[in-house]
Structures are given as structure tokens and as C-alpha cells.
Amino acid sequence: MAGGPPGQRELTCCGLGSRPPLFPPVGHLRVTSTTETDTQSRKTMSTKPRTQSKQGCTQCRKRRIKCDEGRPDCKNCVRRRSECSFRKYDPVPKSFLARSPRSNRPLSSPEGSIASIPSPTFLDYLPQDELIIHFPEALRPRFRHLLQHFVEETSFTITHNDTARAAWCAAVPQLTAKHVFVLQGTVAISALHMSKHAETENEKKHFRDIATYQMSMGLIKYRQAIADVTEANAESLLAFSITTTAWVLYTTADDFKTLLHPLKEMGQGLNRDHTVKALVTTTSKILRTLRGVLVILVPCWHLIVSGVFKDVAKRDWWPYAVPATPNAIEDDKRLMNLESIWMKPGRPYEYYFDALRQALKTLREDFARVSQLTITDNAPKNRYGKLVDWTSVISWPIQLPVAFVELMEARNPEAWVILAHYAILPAKVEFVFWIKDFAPNLVSAAALVLGEQMRSSIEWPAKAVGVDLDQLYSIHRSEC
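FYI, the numbering for the sequence shown is 1 to 480, going by the UniProt record's numbering.
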């Protein structure tokens, strides 16, 4: 499995990376007393010439003195008890991402790693004024803020640990120099994230408009480049593909909401078949977007796992797909029993059974693997909940055979039952804003596609993801 080509079980949408090592924590700075500080300062000034720091903090450059570039505050600012610009604008030294990993062992405490590693920053690789030169000057402060938000917040939602996150933030400036659509996708997903936390509707609309425009502009160049995937553009295409996936999953949640929970004044007289057709189309859009990354990964896999995204891409540390707990074993039995829906005496063999069987087989494997990657109840949660690698829940739809997607689009009931059971996996992910509504939307869509007559076949996933089938069916009974 290690370093294998895509299409095998290690693929995920957000990249699949080798087991990330921990970087050593940043040491604490010693704060001296006022008297000691003054004495040391006079000695330093009398015995050493002033040396201007080119890479130092703003305060040291203004005073034309050497800066030790300590983080989060340099020693000079600590001594003077002044606010260091590093804390706000450049929290990580350049040497941070240049360090060699100490070990390839698995993370024993995901929570601990997050507490000890500072945030990576674009400023270590390319001055932000150069990074945002593509934007109008009047808008650059806003985009500088969006990039900083991406580093400090949004990057957590498209990577599975701090090593991958650091690699991602290091890659964006490098790739933007070759393909500006990488930056546009980055800004778009950051603005979308900020819109979610906006305090007013005007602010939310403002950030959504920025996100929509930047994603639209990025898609123009991306579609041109994706027609010819090469070694020169593969990494840039992968970066944009990941932001596009997050975009699609988040924005389609609004479509699901409109279809699944129509306003009371709109609910009367709605056409049931029209609703189901729209749900199928929206679900198809998501699945085909997730699978789209294969166009990049398959031909350029070995390049990607040895390039700037190597810590984002590989998953050679993932465990074997064996149920890890009694509950996981019981879940596997439930999934295995789904075959009885189409494999039963008296029903003739159909060629599409092969696609169903393959999809169910990989789903059982992913359930087992996720159980291996789930932290036990008595262990502390990491930033993403109880999953060591939350991207493991995205592996299944990426590997789906096209024949299965086509069955889903044709409203094949067995395919929709399997899809509803898959929703149990993304429901396990916490704190990733663009996945939050994915699971209940899938189950709700499956419930309406299948109808109340097949309700019993999706009772388990509905309960697992928190969908009230009684309420859902009652809302849509008025549809003709």
C-alpha cells in the first residue's frame, strides 16, 4: 500500500500524506527583570555595533538593531515590553518548515501536536505584497486579511495535521507564481469560511460575493489547464481541485436545504418528481467533483508524492482495513447484509450487480479503516474530533466506479441504499465546515429517492446522522 498509485485505498480528496512526524515545540523566551534588562542593553550598545536586521521584526528594523527573530516575540521586544510584529504578522520563523522530520512514527497524541506547533505563514516564502499583486491595490488589505485567515483557520479544514498544513501553506506561493488560479481558489475558500462566521447578513454576503467571484475566475484558467495535465501543472491543479471540492460541498448544502426543507408557503403544490430529480442532480455533482481529482492523481501520482504536496498526498501509514472494535465488527456485518437486497433466490443476475458489489466492498473496507483511525473514548480528542485522519472518510466516493455513479443518477434503489450508509462516515468528522451538512443531506436525499416503502433499509444511517425520517416524509407528503 505504501506509496501506491491512486485508485487504491489510500486516496482522499484532500490529499493523502505519509505519516506526519512532529516538529519540536518552540521554546519559551526568558523574560528578565527591568534592572537586568537595562544593564544588558547598555553593555550590548557599548560593546557591539548596531546591525540592521533585514529579516527582523518591524520594531527592530525601525531601531536599526539586530533582531534574533524569536517567536512569537523577539527578545528585544520582550525586553522593551513592546508589541512584536512577529506575533501578529509572521508567527513562524523561516527555519520551521525547513527542518527535517525526526521520526516517521504515528502520532500518539494528535492533541499534543497542535498545542506545540505554531501556525505556518505565507510570509516565510513570499512577501504578501508580491503574493497579492494580482489584485487591485485598493483591495489588497482585504485579500491580505483573507490569506492570513486561511493560514490561521481555513487551512485546518483542508489538511489532516500540522505537517500537511505547513506543506500546503508553503506550496501556495510557489504554485501561485506559475498558476494564479491557485491563489484564487485559496482566497475563495478562505472568504467562504469567513462568511460562515460573519456576524451580519451584509458581511456574510460580502464574503460570499468575494468567494464566488474568485472561484469563478479561477475556474476559467483551471478548466483550460485540466485539459492537459502535465508535470508542470499537476500540483497546481491538485491544489485548486481540493479548494473546488470544499466549495462544492459547502455551497450545495444551500441547494439541499431549499429542496429538503421548503418554506411552508412554497411547500404546497410542489412536484415530488421535480424535487427528487433535483436532489439526484445535486448529489451527482458532489460525487463527480470528488472523483474528478483522479484525473490529476492517476497520471501524476509519483510526482505529487515526491513534490511540494508529499506531506499532503500519501497515506502509506494508514492501517489495514480490519474492524478495530466489537462495534466496528457489528457495523461490518450490517453492511455485508446489504447484499441481500439484490442477491437473493429468484432474482436473475444483472451486470450492474458488479458495480454494487465493488462499491459495497470498498465501503466495508473504509468503515474498518476509519475504526482503526478512531481515537478511543478515554483518549483526548484532537482538533478534528476523534479521527486521527479525518480525510479517510472521503476516500470512498473518490474511488467509486463510474458505473455506480451512473446507477445513482438512474435512481437505482440499491445504489442509493449503499450511498445512504456511506453517510455514516462523514458524520464522524467534526469542525470541518464544508463537510458539516454532507451526511444528513445524503441520507435525506436517499430517503426521498427511495420513498417510504423502503424506509426500513436506511433506518440505521438515518439514526446515525440525526435525520428524522418521520418529519422529513411529513414535509414532502403534500407534494404531488
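From the three backbone atoms N, C-alpha and C, an ideal C-beta is built for every residue, glycine too.
- Ranking 238, 216, 166, 186 by CA distance to the CA of residue 145 puts 186 first.
- Under the three-state reduction of DSSP, residue 325 is assigned to coil, being neither helix nor strand.
- Shown here for residue 135: same chain residues with a beta carbon closer than 6 Å to its own, the five before and five after excluded, namely 143 in chain order.
- By the criterion of at least three beta-carbon pairs nearer than 8 Å, the segment 414–434 is in contact with the segment 455–462.
- By DSSP's assignment, residue 374 forms a beta bridge with 387.
- The criterion of a C-beta distance shorter than 8 Å is not satisfied by residue 158 and residue 247.
- Assigned with DSSP and collapsed to three states, residue 172 falls in helix.
- Residue 137 and residue 131 have their C-alpha atoms roughly 12 Å apart.
- For residue 238, the enclosing alpha helix (DSSP H) has its first and last residue at 234–260.
- Going by DSSP, residue 416 is part of the alpha helix (DSSP H) stretching over 413–422.
- Under the DSSP assignment, residue 470 falls in the alpha helix (DSSP H) whose first and last residues are 469–476.
- If you ignore the 5 residues before and after residue 84, its C-beta comes within less than 6 Å of the C-beta of 57, 73, 74, 77, all in its own chain and listed in chain order.
- Taking a C-beta distance under 8 Å as the contact criterion, residue 443 and residue 390 do not qualify as a contact pair.
- Annotation for residue 316: no alpha helix (DSSP H) segment contains it, and DSSP assigns it neither H nor E.
- Nearest Cα to residue 436 within the set 394, 407, 475, 414: 394.
- Proximity of the segment 168–184 to the segment 307–314 meets the contact definition, three or more beta-carbon pairs being nearer than 8 Å.
- Excluding the 5 residues flanking it on each side, residue 139 has no same chain C-beta neighbour closer than 7 Å.
- Here residue 233 is buried: its Cβ has 16 or more other Cβ atoms, across all protein chains shown, within 10 Å.
- If you compare the alpha carbons of 225, 333, 282 with that of residue 296, the shortest gap goes to 225.
- Under the DSSP assignment, residue 210 falls in the alpha helix (DSSP H) whose first and last residues are 201–226.
- Three or more Cβ pairs drawn from the segment 437–457 and the segment 270–289 lie within less than 8 Å of each other, which places the two stretches in contact.
- The beta-carbon separation of residue 260 and residue 438, rounded to 13 Å, does not stay under the 8 Å limit for a contact.
- Per the Cβ contact rule, the segment 411–419 is not in contact with the segment 228–244 (fewer than 3 Cβ pairs under 8 Å).
- Close CB contacts of residue 181 within its chain, under the 6 Å cut and outside five residues either way in sequence, are with 218, 221, 222, 240 (chain order).
- Under the criterion of beta carbons closer than 8 Å, residue 400 and residue 287 qualify as touching, at roughly 7 Å.
- In this structure, DSSP gives residue 301 a helical state, which the three-state scheme calls helix.
- A distance of 8 Å or more separates the beta carbons of residue 407 and residue 364.
- Judged by DSSP secondary structure, residue 77 falls within the alpha helix (DSSP H) whose first and last residues are 75–80.
- Its chain contains 318, 319, 387, 388, 389, 392 as the residues whose beta carbon lies nearer than 8 Å to that of residue 373, once the 5 sequence neighbours on both sides are disregarded; these appear in chain order.
- At a Cβ-Cβ threshold of 8 Å, residue 69 and residue 55 count as neighbours.
- Judged by beta-carbon spacing, residue 251 lies beyond the 8 Å limit of residue 289, meaning their Cβ atoms are not closer than that value.
- Residue 411 has its alpha-carbon roughly 35 Å from the corresponding atom of residue 205.
- In the three-state scheme derived from DSSP, where H, G and I count as helix and E and B as strand, residue 155 is classed as helix.
- In terms of Cβ geometry, residue 194 and residue 160 do not form a close pair [threshold 8 Å].
- Residue 242 and residue 198 have their C-alpha atoms spaced approximately 23 Å apart.
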